[in-house]
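Here is the structure we will look at, set down as structure tokens.
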Amino acid sequence: MKRELLSSVAVAMALLAPVSSAQNPLDFGSDIRTADPSAHVWQDGKMYLYTSHDEECQPDFFMKDWHVFSSTDLVNWTDHGAVLSVDDLSWADNYAWAPDAAYKDGKYYFVFPAGTGHKDRVNPEKSTKWMGIGVAVSDSPTGPFKDAIGEPLWREPYANDPALFIDDDGQAYLYFHGSNFDYYVAEMADDMRSIKGDFQKMDMGGHEPKMEGPWVFKRGDKYYFTMPEGNRVLTYYMADSPKGPWEYQGVIMEQEHESNNHHSIVEYKGQWLLFYHRWLDTPESDCNKKQRHVAAEYLQFNEDGTIQKVKRTKEGVSDFAERLKMAP
Ligand code: FUB
């Protein structure tokens, strides 16, 4: 009798145990090193992640191409390979950094920072490094993408970490960080190959956040401007217009180690999600330093539209499919 009782308890415990297992970092089916995830849900109902691609044990963010991955359950991902490489560009040979993508009038647009030269960290005055923003286009979300202009949108001043947001009226906005590491916005022309007028430094409501990776989204009638402030702490601002003025709201995710973060936020199948990257030990590699991997967490909003702080977890969004089954 006692044995039967114990085995029923064991069965009950197994049934009650969470079905999720560790899923962070996301499993892309290989040991590819990914960073700077830009998440989008396109017309085919799949989640697409456009990422930059760290070389193994990369010494100083020398990066050569960008990848895209897709999924419908956020656990099983398909690596569609490199969508673009600096080898495809006539104006850059390095710094394939944080990209973004957008869909407009039947075409997929891929915006990316790239550059050339070398940063001299000891004698900065000897640095020759330069970076600009390019636009590539494709008929497919998985590319291949082709450089749409054959040169960057502009050469001076320095610009990095582009993010595209298309508002309900079809107007596309390009956000980036540029001179003095401030945040800027420009309206894209309808053909997505140039900007209308000049770009403008954004009014951050008295705050002066510095670099990097802006990410803008809309929820209801509110616009959210989110960023890894000081390239470490994910913070956010809200506004009634895509060009601000923005009002500081707080921290979404604290910094981890003395390392950068870069993120995107998107709603998928009724769940809001935060994609970001972590610097993790890679014992399977000969590299004796942390390397970057893309991870994901759920994001929750309060009644008033503010965002609840997010903690890094091992489970991440591994129970995404179960959550959908349980959704009302
Ligand atoms: O991945 C290269 C650079 O590191 C990105 O452009 C920044 O946002 C930071 O993540």
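Residue numbering for the sequence shown follows our numbering, beginning at 38 and increasing consecutively.
For each residue, glycine too, the CB sits at the ideal point set by N, CA and C.
The model shown is predicted, which means the values in this text are computed figures rather than measured ones.
Alpha helix (DSSP H) containing A358: first to last residue?
F357 to M363
Start-to-end residues for the beta strand (DSSP E) that takes in M239:
Where M239 is concerned, there is no enclosing beta strand (DSSP E), given that its DSSP letter is neither H nor E.
Should S89 be counted as a contact of the ligand FUB given a C-beta to heavy atom distance under 6 Å?
yes
Between the alpha carbons of Y285 and V270, how many angstroms are there, rounded?
13 Å
Is the CB-CB distance between V112 and S301 below 7 Å?
Against a cut-off of 7 Å, the Cβ pair of S301 and V112 comes out as no contact.
Do F182 and F196 come within 7 Å of each other at the CB atom, strictly closer than that value?
The amino acid at residue 196 is misidentified as Phe; the sequence shows Ala. Taking 7 Å as the Cβ cut-off, A196 and F182 do not qualify as a contacting pair.
Identify the residues that DSSP records as bridge partners of M84: which are they?
According to DSSP, M84 bridges with V78 and S108.
Verify the contact flag: D176, CB atom, against every heavy atom of the ligand FUB, threshold strictly below 6 Å.
No; taking the cut-off as 6 Å, the Cβ of D176 has no heavy atom of the ligand FUB nearer than that.
If you draw a straight line from the alpha carbon of G187 to that of H314, how long is it in whole angstroms?
Inter-residue distance for G187 and H314 is about 30 Å (C-alpha atoms, whole angstroms).
Using the Cα positions of D142 and D341, report the straight-line distance between them to the nearest angstrom.
Cα-Cα distance, rounded: 34 Å.
For E321 and A119, I'd like the C-alpha separation in whole angstroms.
So the alpha carbons of these two residues sit roughly 23 Å apart.
Taking T153 and W167 to be in contact with their CB atoms under 8 Å, please state how far apart those CB atoms are, rounded to whole angstroms.
Contact between T153 and W167 holds, with the beta-carbon distance rounding to 6 Å and staying under 8 Å.
Helix, strand or coil for N217? Go by DSSP, reduced to three states.
helix
Helix, strand or coil for V159? Go by DSSP, reduced to three states.
coil
Residue burial classification, V56 (beta-carbon count within 10 angstroms, cutoff 16)
Unreliable placement is indicated for V56, whose pLDDT of 46 sits below 50; the coordinate value is still reported in the next sentence. V56 comes out exposed.
Within 7 Å, strictly: CB atoms of M290 and V347:
yes
If you scan the region 156-206 from start to end, which runs of the alpha helix (DSSP H) of 4 or more residues do you find wholly inside it?
none
Helix, strand or coil: how does DSSP classify D68 here?
coil
Could you compute how far the alpha carbon of T179 sits from the alpha carbon of H117?
6 Å
For H155, is the classification buried or exposed, using 16 other Cβ atoms within 10 angstroms of its Cβ as the cut-off for buried?
Answer is exposed; the Cβ neighbour count stays below 16.
Near T165, what residues of its chain come up, given a Cβ to Cβ distance below 7 Å and the 5 sequence neighbours on each side ignored?
G154 and H155
What residues match up with F149 in a beta bridge as DSSP calls it?
G171
For the ligand FUB, any of its heavy atoms closer than 6 Å to the Cβ of G250?
Checking every heavy atom of the ligand FUB against the Cβ of G250, one is found closer than 6 Å.
Selection from P199, W191 and M264 that minimises the alpha carbon distance to S231
W191
Apply the 10 Å Cβ neighbour rule to D318 and answer buried if 16 or more other Cβ atoms are within range, or exposed otherwise.
exposed
Between D184, Q345, D205 and Q60, which has its C-alpha nearest V148's C-alpha?
Looking only at D184, Q345, D205 and Q60, the smallest Cα-Cα distance to V148 is reached by D184.
Reduced DSSP secondary structure (H/G/I, E/B, other) of V123
helix
Do you know offhand how far D176's Cα is from E304's?
23 Å
Pick from P96, L121, R256 and H294: whose alpha carbon is nearest that of A276?
R256
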